[in-house]
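Number of protein chains: 2
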Amino acid sequence: MKPFIVPASAKSWIEVDPESHFPIQNLPFGVAVHKNRGEGMVCAIGDYALDLPVLMEAGMISEEEFPWLDTFLGLDKELLTKLRKRIYELLEESHSELRDNAKIRKKAILNRKDLQLTVPIPPTAFIDFYSGIQHASNVGKMFRPDQPPLLPNYRHLPVGYNGRASSVVASGTKIIRPKGQTKGPNDEMPAYGPTKEMDFELEMGFYISEGQDMGKRITCKSAEDHILGLVIVNDWSARDIQRWEYQPLGPFLSKSFATSVSPWLVTLDALEPFRIDGMEQDPEVLPHLRSQGKQHFDIQLEVLLQTAKMKAPQQIAASNTKHLYWSISQQVAHQTSNGTPIEFGDLYASGTISGPEEGTYGSLLEISWRGQKPVSLETGETRTFLEDGDTLTLTAFAQGDGFKIGFGECAGTIMPAQG
Amino acid sequence: MKPFIVPASAKSWIEVDPESHFPIQNLPFGVAVHKNRGEGMVCAIGDYALDLPVLMEAGMISEEEFPWLDTFLGLDKELLTKLRKRIYELLEESHSELRDNAKIRKKAILNRKDLQLTVPIPPTAFIDFYSGIQHASNVGKMFRPDQPPLLPNYRHLPVGYNGRASSVVASGTKIIRPKGQTKGPNDEMPAYGPTKEMDFELEMGFYISEGQDMGKRITCKSAEDHILGLVIVNDWSARDIQRWEYQPLGPFLSKSFATSVSPWLVTLDALEPFRIDGMEQDPEVLPHLRSQGKQHFDIQLEVLLQTAKMKAPQQIAASNTKHLYWSISQQVAHQTSNGTPIEFGDLYASGTISGPEEGTYGSLLEISWRGQKPVSLETGETRTFLEDGDTLTLTAFAQGDGFKIGFGECAGTIMPAQG
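Protein chains in written order, with the working numbering: chain A, 938 to 1356; chain B, 938 to 1356.
Written out as structure tokens, the structure is:
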């Protein structure tokens, strides 16, 4: 499939701030919940969003060519590229069709800040990898100090596990502090109560477009044909629950209470100019996981924390997707290497993306180094883990020449435990 | 909810062999794929099955009271109990409505052996527990010989993990031997190829009927109100892939290639006479996991193997659900104890159900004790793990006074690796 890349010099007749996440080079898609008429797809441009069902009704998007545009359902990757190209045509400064139609413009151009956006696609399945090598190393150093920080399989396959799809929620959804069973090393018995180690995980995720039947596998070369686009993922984690439950079958209730995703699905086409080689894989991986060309992306990531006392969020970490050891193509190739069928709407996340030094860590577990180094905030407050009332926001963008390809925000506020 | 229990003395005007899994006391539901007209619900009786959409069309099942009966969709637990009661009325020997209507009888009574049955409900999610304490002990003895066989958390919470729902298949679906990455302890590098340790896991599963919203939990007392019924589950496992991949996040591709379920959903109402206390839980579990009354079931389990050379299957193990340490109610209470939302169609499985001695183990890993004790078959063949052409069948029933409440079979034949 040939990507549709908007020229860096292109401009829209809608004015867009150079710092905006949503210039005409991006054009990501989301799903808005409208009062009275339910869900409908939208496409972000600057401070605005185009209402796609309205444009279809007005005859500006072909009803024959595209399925209903209430949700992503029925949109494969090729159709999405076509749709994005058509929206580019409607928004580019020299095109008059929408620009000069005041009536449709008024109906189809919505203020982004008024929108209520949902999860782009309610996931059919949620798979979480562990491809941030610095994060995996940090966790190894903390929990197995007398052994090599990475387990022997780490550099040979993208370690991952199945998560819980039913608790994937939209950015902005309040996160109820989970209860669970925990046991300290010196406690005689475990106890059930609200987690005392509420954490976030800075991740990037992607959605599957075209599925694959059982018994077949997808190669690294063709994997991207099955990927609809990227979103930011916060895999909220209760560390004390995780420590007690995870042996021998992996994390379960310490993760399943909530996972937040950002509302805008950013296409691989928009990220095309930001491809990079990724770090060297040593030892060389087995042939079925070998990829050629630039299958990683240079996307900057930021973590912002705002306590109930703070007037504005404060950055507590900055990282980059270049710290991922395994590419999204390798993740798909691995997942299907045993013949597992994959489906439209499967959501895959990267694992926590930490950089190599302090200030670049993608979880409070690492930032506070198991609670030993509390984070000092501008208000004089400190944090080892998240407290009730804290809002944690993840954001991400690729920096172009004079424009940003951004993801917007993935935010959640911690609410007191219930029940 | 009050269960509907068919008296042990009840008889149908359809003759049923005392050894049949499907007397009038059972009346389990399935979904058949009919040539020409797609899927439709069926209810098993002896060697036959009632075609429910046909009975609805004939006015014998109320169209107002029940949703379409093509699939389970829209049937909550209360409606299913009502439906089963109505079917009992139609089949009981003193009732003439269906018995004496030759035209409808001919259309609505199908031969079970001609039916193509699907997975009762394509699962929204698949969660696998580890509640067979003998299995967990055996695995511990094999893999951590110098430590206590059970990990410290085992008796405090039902250990479990999220599996892959997209690869849950109907009994009879051929199982393609998965490929994957493996590494022996003395190999310098891992290799990718067909698994050499293809195994089965003898499990019992249940489906969720009424879901529960995020942030709320379900108590042990009310958990069964959310359970639609039970099925047999075979969680096919590739042991060599599992050993190499599972640290630190648990089993992934070693399980996700296929999971088979039996076609008949057996209601808890039908199993009511077979309730038992279950084994003593020591130490006493925390209050949120404590249950009262008989929340376990006495269900006999058998494992049958037929190689390509054999004329008939040979029993290689027999076990019982009484060997489960945690009840299905405790599993639901645990799963929702952190506020995870659950949904109609979620499938939960028990984990491998092994008994305490040889002959009662629910996996070849245990039966052949890691390949050290090959199983001798009647043909003179031996097996440590499954070979291509082998058919592995699980079956289950509760023994009543003069009748069996059975589950039918959960079978799969191993096919050579592909691709």
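Even for Gly, the Cβ is constructed at its ideal location relative to N, Cα and C.
With 16 other CB atoms within 10 Å as the buried threshold, where does residue i fall?
i, result
"L1010/A", "exposed"
"M993/B", "buried"
"D1214/A", "exposed"
"M997/A", "buried"
"V970/B", "exposed"
"S1313/B", "exposed"
"D1283/B", "buried"
"P940/B", "exposed"
"P1278/A", "buried"
"T1055/A", "buried"
"A1254/A", "buried"
"R1316/B", "Reading off the sequence, residue 1316/B comes out as Thr, not Arg. That one is exposed."
"L1014/B", "For clarity, residue 1014/B is Lys in the given sequence; the question names Leu instead. Buried is the call here."
"N973/A", "exposed"
"D1177/B", "buried"
"F1080/B", "exposed"
"N1075/A", "buried"
"D1172/A", "buried"
In its own chain, which residues sit with a C-beta less than 7 Å from the C-beta of residue i, not counting the 5 before and 5 after it?
i, result
"A947/A", "I961, Q962, E1029"
"Y1025/B", "V943, I961, L964"
"G1152/A", "G1276"
"G1130/B", "K1116"
"P955/A", "G1339, F1340"
"V1209/A", "The sequence as given places Glu at residue 1209/A; Val does not occur at that position. Once the five neighbours on either side are set aside, the close Cβ partners of E1209/A are P940, I942."
"E1134/A", "A1175, R1176, D1177, F1322"
For residue i, return the contacting residues in chain A, with the cut-off set at a CB-CB distance below 7 Å.
i, result
"P1185/B", "L1088"
"Y1067/B", "L1186"
"A1102/B", "A1062"
"Q1094/B", "Contrary to the premise, residue 1094/B reads as Leu rather than Gln in this sequence. Those are Q1118, E1182, listed as they occur along chain A."
"F1194/B", "N1275, G1276, T1277"
Output, in chain order, the set of chain A residues within a Cβ distance shorter than 9 Å of residue i.
i, result
"T1321/B", "Within chain A, no residue comes near T1321/B; the closest Cβ sits about 21 Å away, beyond 9 Å."
"I1290/B", "Correct list: empty, because the minimum Cβ distance to chain A is about 16 Å."
Name, please, each residue of chain B whose Cβ falls closer than 8 Å to the Cβ of residue i.
i, result
"G1097/A", "L1186, F1189"
"Q1355/A", "G1152, K1153, G1276"
Take residue i as the anchor and find which of the options has the nearest alpha-carbon.
i, options, result
"R1023/A", "L989/A, S1174/A, G983/A, G1317/A", "L989/A"
"A1202/B", "I951/B, F1066/B, A1333/B", "Per the sequence shown, the amino acid found at residue 1202/B is Leu instead of Ala. If we check each option's Cα against that of L1202/B, A1333/B comes out closest."
"H1271/A", "F1194/B, I1265/B, A1249/B", "F1194/B"
"C1157/B", "S1228/B, S1146/B, Y1091/B, Y1098/B", "S1228/B"
"P1250/B", "L1165/B, L1329/B, E1034/B", "L1329/B"
"E1280/A", "W1005/A, D1136/A, E1147/A", "E1147/A"
"H1072/B", "T1289/B, I1342/B, W1306/B", "T1289/B"
"D1065/A", "M1141/A, P1311/A, L1190/A", "M1141/A"
"F1143/A", "A1062/A, K1044/A, E1034/A", "A1062/A"
"P1059/B", "P1185/B, D984/B, T1008/B, K1248/B", "T1008/B"
"Y1298/B", "K1044/B, Q1184/B, D1136/B", "D1136/B"
"V991/A", "E1002/A, G977/A, I982/A, H1225/A", "G977/A"
"P1095/B", "V1198/A, M938/A, E1217/A, F1189/A", "F1189/A"
"Y1285/A", "E1221/A, S1191/A, G1345/A, H1163/A", "H1163/A"
Leaving out five residues before and five after residue i in sequence, what residues of the same chain have Cβ atoms less than 6 Å from its Cβ?
i, result
"F1211/A", "F1234, D1235, A1335"
"D1325/A", "I1351, P1353"
"G1230/A", "none"
"K1078/A", "P1086"
"M1247/A", "T1316"
Any heavy atom of the ligand FMN closer than 6 Å to the beta-carbon of residue i?
i, result
"M1135/B", "Absent from the structure shown: the ligand FMN. Ligands present: none."
Run through chain B and tell me which residues come within less than 9 Å of residue i, C-beta to C-beta.
i, result
"K1116/A", "R1154, H1225, S1274, N1275, G1276"
At 8 Å on the CB atoms, spell out the chain A contacts of residue i, in chain order.
i, result
"I1279/B", "S1103"
"P1127/B", "N1090, H1093, L1094, L1223"
Residues of chain B with a CB under 7 Å from the CB of residue i: which are they?
i, result
"I1113/A", "G1152, G1276"
With a threshold of 8 Å on Cβ separation, who are the neighbours of residue i within its own chain once the five nearest residues in sequence on each side are excluded?
i, result
"K1044/A", "D988, V991, A995"
>> Along the region 1046-1060 of chain A, where does the CB come closer than 9 Å to a CB of chain B? Name the residues.
In response: none
> Of all the residues that make up the region 1215-1241 of chain B, which are near chain A by a beta-carbon distance shorter than 9 Å?
Replying inline: P1220, L1223, P1224, H1225, L1226
>> By the 7 Å beta-carbon criterion, what residues does the region 1258-1271 of chain A contribute toward chain B?
In response: Of all residues in the region 1258-1271 of chain A, none has a Cβ within less than 7 Å of some Cβ in chain B.
> Residues in the region 1163-1179 of chain A with C-beta within 9 Å of chain B's C-beta atoms, listed in sequence order?
Replying inline: A1175, I1178
> In the region 955-980 of chain A, which residues sit with their C-beta less than 9 Å from some C-beta in chain B, listed in chain order?
Replying inline: none
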